[in-house]
Structures are given as structure tokens and as C-alpha cells.
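K.L.:
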Amino acid sequence: MATLKVLGAGPVKRGITQIAARFEKDTGHQVNVEFTGAPTVRERVLAGEAVDVAVVPAATMDEFTAAGRVTGATRVTLGRSRMGLAMRKGAAAPDFSTVESFKRAIAAADAVVVNVANSGNYVAKLVVDLGFSADKVQRQPDTVKVMDHVSASAQKLLGAGQLPEIRELIDKGVAIELAGALPDDLQSVTAYDAAVTTASANAAAAAFTEYLKTPAARAAMAATGID
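So for the sequence shown, my numbering puts the first residue at 76; every next one is plus one.
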């Protein structure tokens, strides 16, 4: 039986991990799943690392396709993720129901903490576009560190992240609560794709991407907040 290496980024981690476990049980193939920051995944795949399946935002997958780093016929759309903000556990919940109430919540916060990936860049730009100084934004390397910082700080912070990532960290016991999703008029929806890389010589890799299309796989993604 084969051993597959899956390298990915983003809030699809929990769903992919669950699907990989089911794939192992059904096929006997072993799947090693590694998730890290999207910029790191991009660098490693573009450098030609021997990864079997890449899991990244659709825009990054477009780049991989153009660079000849993935096999286009194996590309699968996993679903979409929405953005939200988290607060320290026990903090008073802000009102994100409208753009104006969202702006008031940002004004009342000491800072908005974001990661260095595309999702964090989006929120950082959004804060400035809403009329706030760039100093209102703090940076952390990834969403885990964003939420750790929010939970530990004495400041009134709002931490930005994909909603499935925030929920996963809450489930793991990080001392945060979901403040709310971004208002619809300000929302950023990110699609996530998977594909076999051209560096892979593993025949089971395509079987895994086909498995991602099954109803059970789709249900696993939906259960983790990927619609």
C-alpha cells in the first residue's frame, strides 16, 4: 500500500484530516497530512517539493496550475470559507450586524490582530478602508498565534480568522469566543482546492483527490464549516 503526503493551508485542515482517516480505512493507503501557513505551502510547492496532494486557496491553485506544479485534471473544489473575528473569552460581544455597527466595534477595540496570509491582508486593508489608521492592526505569523495573543492580552483585541479555524481553536480550548462573522457587505469568501502535484509519482494520489468528491467527504467538510 502507498503512503501519501498531503500538504495544505487554511481552515480545511480539520475536514481533510477526517477524510484522510476514512480514506486510510477504506483503501489501506496511509495519508500523512501536514498543514502550515499558506505562504509556506506556496513556496514549498513552487520549489518542487515531493508532495503528493496540495490543498490551498483557489487563487494559489491557479498559480500552481500556471507554473505547471499540479495536474489540472485532478483539481477538486473543496468548498468555501467565510471570515470572522474572535475576542477574549468572557469579553462583551460586539455588534457586527451592519457595516456601521462593525465600524463602531473596530473603533472600540484597542487593535485588530491578523495573520500574514491573504485572509489577514484582507482584514488589514478592510480596517484601513473603513477609515482607521494602519496602527490599528497588529500582525502575528498565523491564525493560531493570532488567537493565542488575543486570549492572553490584557488589551481589548479582536482577532481575525476564517470561521472554521476560529471554531476549531475554541474546540481545542483556546480562551477565545467568536465575536461574529464579518457583515455580508464586507465579507471575504475564500474557495479551497486540492490537486495532485506534478512532483508526485504516487498512483494513489489521484485516488485521494477523487475521494474528496464523495458525499461522505463533502459532508465532512460541511460539518467543519466549509460550505
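Glycine included, every Cβ here is placed at the ideal spot set by N, Cα and C.
Phe177: which of Arg150, Met76, Ala298 and Asp259 sits nearest, CA to CA?
P.N.:
Residue numbering aside, residue 177 sits at position 102 when the sequence shown is read from its first letter. Ranking Arg150, Met76, Ala298 and Asp259 by Cα distance to Phe177 puts Asp259 first.
K.L.:
Helix, strand or coil for Thr272 per DSSP?
P.N.:
Translated into positions along the sequence shown, residue 272 becomes position 197. If DSSP states are grouped into helix, strand and coil, Thr272 belongs with the strands.
K.L.:
For Ile100, is the classification buried or exposed, using 16 other Cβ atoms within 10 angstroms of its Cβ as the cut-off for buried?
P.N.:
On the sequence shown, position 25 is the one that residue 100 refers to. Position check: residue 100 holds Lys in this sequence, whereas Ile was assumed. By the neighbour-count rule (16 or more Cβ atoms within 10 Å), Lys100 is not buried but exposed.
K.L.:
Considering Val189, what are the terminal residues of the beta strand (DSSP E) in which it resides?
P.N.:
Residue 189 sits at position 114 when you count from the first residue of the sequence shown. Segment Ala186 to Val189, the beta strand (DSSP E) holding Val189.
K.L.:
Can you confirm whether the segment 107-119 touches the segment 240-249 when touching is taken to mean that 3 or more C-beta pairs between the two stretches lie within less than 8 Å?
P.N.:
Output reads no: the segment 107-119 does not touch the segment 240-249.
K.L.:
Taking only three categories from DSSP, how would you classify Ala254?
P.N.:
Mapped onto the sequence shown, residue 254 falls at position 179. It is a strand residue.
K.L.:
What residues are listed by DSSP as bridge partners for Glu118?
P.N.:
Working through the sequence shown from its first residue, we reach residue 118 at position 43. Beta-bridge pairing links Glu118 to no other residue.
K.L.:
Going by DSSP, name the residue or residues bridged to Met162.
P.N.:
Your numbering for residue 162 matches position 87 in the sequence shown. Bridge partners of Met162: Glu252.
K.L.:
Buried or exposed for Thr272, please, with buried defined as at least 16 other CB atoms from any protein chain shown within 10 angstroms of its CB.
P.N.:
Residue mapping note: residue 272 aligns to position 197 of the sequence shown, counting from 1. With 16 or more other Cβ atoms within 10 Å, it is buried.
K.L.:
Is Pro169 near Thr265, with beta carbons less than 7 Å apart?
P.N.:
Your numbering for residue 169 matches position 94 in the sequence shown. Your numbering for residue 265 matches position 190 in the sequence shown. Result no, Cβ atoms of Pro169 and Thr265 do not sit closer than 7 Å.
K.L.:
Could you tell me if Arg95 is buried or exposed, where buried requires 16 or more neighbouring beta carbons within 10 angstroms of its beta carbon?
P.N.:
In the sequence shown, counting from the first residue as 1, residue 95 sits at position 20. A small fix is needed here, since residue 95 is Ala in this sequence, not Arg. Result: buried.
K.L.:
Sort out for me which residues DSSP pairs Ala129 with in a bridge.
P.N.:
For this step, residue 129 is matched to residue 54 along the sequence shown. DSSP lists Leu82 and Ala270 as partners of Ala129.
K.L.:
What is the rounded straight-line gap between the Cα of Val212 and the Cα of Lys231?
P.N.:
Here residue 212 refers to the residue found at position 137 of the sequence shown. Here residue 231 refers to the residue found at position 156 of the sequence shown. Roughly 13 Å between the two C-alpha positions.
K.L.:
Could you tell me which uninterrupted alpha helix (DSSP H) segments, each at least 4 residues in length, are contained entirely in the segment 201-227, listed from first to last along the chain?
P.N.:
Within the segment 201-227, the complete alpha helix (DSSP H) runs of at least 4 residues are 218-227.
K.L.:
Within the chosen definition, does the segment 148-163 reach the segment 221-236 through at least 3 CB pairs nearer than 8 Å?
P.N.:
With a cut-off of 8 Å, the segment 221-236 and the segment 148-163 count as touching, because enough Cβ pairs lie within range.
K.L.:
Just how far apart, CA to CA, sit Gly123 and Phe171?
P.N.:
Looking up residue 123 in the sequence shown gives position 48. Looking up residue 171 in the sequence shown gives position 96. So the two alpha carbons sit approximately 43 Å from each other.
K.L.:
Where do the ends of the beta strand (DSSP E) carrying Phe110 lie?
P.N.:
To locate residue 110, count along the sequence shown from 1; it is residue 35. First-last of the beta strand (DSSP E) with Phe110: Gln105 to Phe110.
K.L.:
Around the Cβ of Asn277, are there at least 16 other Cβ atoms within 10 angstroms (buried) or fewer (exposed)?
P.N.:
Position 202 of the sequence shown holds residue 277. So Asn277 counts as buried.
K.L.:
Check Ser176 in the structure and name its three-state DSSP category.
P.N.:
For this step, residue 176 is matched to residue 101 along the sequence shown. Residue state, collapsed to three classes: helix.
K.L.:
With distances taken from CA atoms, which of Glu240, Ala274 and Thr102 is nearest Phe110?
P.N.:
Stepping through the sequence shown from its first residue, residue 110 is reached at position 35. Closest option to Phe110, Cα to Cα, is Glu240.
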